[in-house]
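Here the sequence shown is numbered in my numbering, starting from 121 and rising by one per residue. Backbone N, C-alpha and C define an ideal beta-carbon position, used for all residues, glycine too. These notes concern the structure reproduced below.
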Amino acid sequence: MRVSDDRYSRDRLRLDLALRFLNHGARTHTIRAWTMLSDDRIRKLYRSYVHAVDGPPRHRGKSPQQVSFFMRGPRAQHETGVLASFLSLLGVVPSTKVANVLHTLPSLARGERLCQAFELFTAIFPTARISFEHAIFLVTALAHGNEIQYGRCADCTALVVVDRLTLRDTRCLLCARGMRAR
């Protein structure tokens, strides 16, 4: 029996993705949804590979669920726009609205791309307020499209995330502060 056999590769992909999620601080139910691993298996992975090397502490409770987190000011909107751009470029957010987001969105391939997008984002914004769980919520909220959606800056047409209920034009951080060259 070789670990590289095809029948074991899918299980190995699940474990690798679960470890990446754990290292980013994802909650157990989030990891379960994206990898289909059992709660017990996830806890054992954490104890063996993350906790043993002083990894991030486990978050408990519900995942973020308020879209207003992403609209709380120019900095939050700017960080959200950059992360949403990475999510769009890597194909994490589907181009069309998804009806049943919680069942159709999570997959191993999309989870890998989600981790890549979040890692790119944290390389640019190491002190960002957006956590990995917030990134996952952003993906589901954009895919659902009821409260927020992709939009364009009214001045420079940069990609921004807009609240669907807002009546005013949305501007990116640079245009809002008058820092962008016309």
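TODO: State yes or no: is the C-beta of V281 within less than 8 angstroms of the C-beta of G201?
DONE: yes
Task: Between the CA atoms of L135 and R249 - distance to the nearest angstrom - done: 27 angstroms
Open item on the list: Out of T290, L133, D126, which one is the CA nearest neighbour of S227?
Closed with: L133
- [ ] Compute the Euclidean distance between the alpha carbons of I162 and D126, then round it to the nearest angstrom.
- [x] 22 angstroms
- [ ] Just grab the DSSP bridge partners of R272 for me.
- [x] L279
Task: Selection from F189, H198, R152 that minimises the alpha carbon distance to R297 - done: H198
Task: DSSP state of L225 mapped onto helix, strand, coil - done: coil
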